[in-house]
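Those letters in the sequence shown? Residues 886 to 1244, by our numbering. Worksheet: the structure to be examined is printed underneath.
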Amino acid sequence: MKKTLIALGLISTTYGSFAIAQSNVTIFGIADLGVSSAKKNGADSSTVGLQPGGLQTSALGFKGSEELGGGMKVNFELSSFLNLATGTYIGGQTAANPSGTLFMRSSWVNISGDYGAVSLGRDVSPTYIPTILFNAFGPAVSYSPLWHATYFDFVLNGTKGPFGAGAGNGLVGDTSWNNQVRYTSPKFGGVQVNLNYAFGGVAGKSNQANYGGNLMYSNGPLGLAAYWQQTKLGEPGAGNPNAVTASTPATTYFLGGSYDFGIIKAFATYQDAKQTSTGTDAKTYQVSTSIPAGNGKFLLEYANTKYAVAAKSTTIAQLAIGYDYNLSKRSEIYINSLYGTQSNLSSGYAVGVGIRHFF
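Put into structure tokens, the structure is as follows:
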């Protein structure tokens, strides 16, 4: 739903003068909440309760643009992650930073035109768009095997998974980077390129930065993608078993493809996240499909991760099955399940039903 706000701009507080200007600002968001039952790998019992973000993390945001003429625009976006079960925002709160980050989802301004767009601020990393486009469950934070293998600790694992402990704590890092300059090219023959660079902001340590990019191709039923990135700061943060620094960087690359056959859409990806200095390596392959059925679609996805640290290794396998039913263009209900195994632990599972609404 679009709402128009009146922006009050203070031109000069020094002289006490101000002016009122009109600006079209869109309020947008995602509301996603369900009920689930889950048993972690190695656990003796399951937990039942509300499950925020079964298909996608809930969010609230503001975005707008101004026409400059000649095809050029200035655009901005500010958005927060929300936990609908408690009414709180999700901002990476820690003991050191109890208030967290209000606009953790996005906070950027850009200028766009025929040449593409240049964005400044907290924006998506090279991994985000290829990850959600090339698995059947998309950004399903609670049920997508590829999502878990990329960004989270293993959701069915015990207190600590091989990818750290929580969102953004794996070798791959988070879905977005702070202090970033991002260039998005126009599409040429179905090809689009994103280049990303995140400043470290530490005096005398110019090498402490994150950088990378992705390339995506779409032509009719065929889609292809690749990304590469190197993270050296805060992805994940200090104290995490996968913490990266200028001397212990993590490098990730990804190849993905999809093809829509009409009666079925197939996806396949391969990803390798490596920290050479510590001998850590996580290789994941994923295959999945979505099958239209009635007013919705069936989803099936499998991912397998080989995770090694020095001479030790473990294997994580995840299988997800679900059905999404469209109530309207903006609302859907879903029932999803996830089953997982990990070396030397008993199997785990998660099953839930919920609703997602876009506004």
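From the three backbone atoms N, C-alpha and C, an ideal C-beta is built for every residue, glycine too.
Alpha-carbon spacing of residue i relative to residue j, whole angstroms
{"i": "residue 1033", "j": "residue 1154", "result": "14 Å"}
{"i": "residue 1107", "j": "residue 1117", "result": "34 Å"}
{"i": "residue 944", "j": "residue 972", "result": "11 Å"}
{"i": "residue 1001", "j": "residue 1166", "result": "35 Å"}
{"i": "residue 1238", "j": "residue 1092", "result": "46 Å"}
{"i": "residue 1160", "j": "residue 1197", "result": "14 Å"}
{"i": "residue 1013", "j": "residue 1136", "result": "15 Å"}
{"i": "residue 942", "j": "residue 1241", "result": "10 Å"}
{"i": "residue 1070", "j": "residue 1003", "result": "9 Å"}
{"i": "residue 1059", "j": "residue 989", "result": "11 Å"}
{"i": "residue 1035", "j": "residue 1180", "result": "30 Å"}
{"i": "residue 987", "j": "residue 1148", "result": "42 Å"}
{"i": "residue 888", "j": "residue 931", "result": "With a pLDDT of only 43 at residue 888, under 50, the local geometry of the prediction cannot be trusted, and the value read off the model is given with reservation. For residue 888 and residue 931, the distance between alpha carbons rounds to 43 Å."}
{"i": "residue 1152", "j": "residue 1232", "result": "25 Å"}
{"i": "residue 1007", "j": "residue 1140", "result": "25 Å"}
Beta carbon of residue i nearer than 8 Å to that of residue j
{"i": "residue 1099", "j": "residue 1115", "result": "no"}
{"i": "residue 1031", "j": "residue 1110", "result": "no"}
{"i": "residue 1010", "j": "residue 1062", "result": "yes"}
{"i": "residue 1171", "j": "residue 968", "result": "no"}
{"i": "residue 1145", "j": "residue 1184", "result": "no"}
{"i": "residue 912", "j": "residue 1243", "result": "no"}
{"i": "residue 1203", "j": "residue 1188", "result": "yes"}
{"i": "residue 946", "j": "residue 909", "result": "no"}
{"i": "residue 1005", "j": "residue 970", "result": "no"}
{"i": "residue 1236", "j": "residue 921", "result": "yes"}
{"i": "residue 1201", "j": "residue 1227", "result": "yes"}
8 Å contact criterion, which residue i and residue j should meet: CB distance rounded
{"i": "residue 1101", "j": "residue 1077", "result": "5 Å"}
{"i": "residue 1190", "j": "residue 1169", "result": "4 Å"}
{"i": "residue 1022", "j": "residue 1217", "result": "Actually they are not in contact, since the Cβ atoms of residue 1022 and residue 1217 sit about 13 Å apart, beyond 8 Å."}
{"i": "residue 938", "j": "residue 1219", "result": "About 12 Å; that fails the 8 Å criterion."}
{"i": "residue 1163", "j": "residue 1199", "result": "Wrong, their Cβ atoms sit about 16 Å apart, outside the cutoff."}
{"i": "residue 1138", "j": "residue 1112", "result": "7 Å"}
{"i": "residue 1104", "j": "residue 1075", "result": "4 Å"}
Which parts of the segment 939–1020 are runs of the alpha helix (DSSP H), unbroken and 4 residues or longer, counting only runs that do not cross its ends? 1013–1018
With contact counted as at least three CB pairs below 8 Å, one residue from each stretch, are the segment 957–977 and the segment 993–1006 in contact? With three or more CB-CB distances shorter than 8 Å, the segment 957–977 counts as touching the segment 993–1006.
Taking contact to mean 3 or more Cβ pairs, one atom from each stretch, closer than 8 Å, check whether the segment 1024–1032 and the segment 1223–1236 are in contact. Result yes; three or more Cβ-Cβ pairs closer than 8 Å.
Would you list, in sequence order, the uninterrupted beta strand (DSSP E) runs of no fewer than 3 residues that lie entirely inside the segment 1068–1096? 1076–1083
Just list the beta strand (DSSP E) runs in the segment 1163–1193, keeping only unbroken ones of 3 residues or longer that don't cross its boundaries, in chain order. 1165–1178
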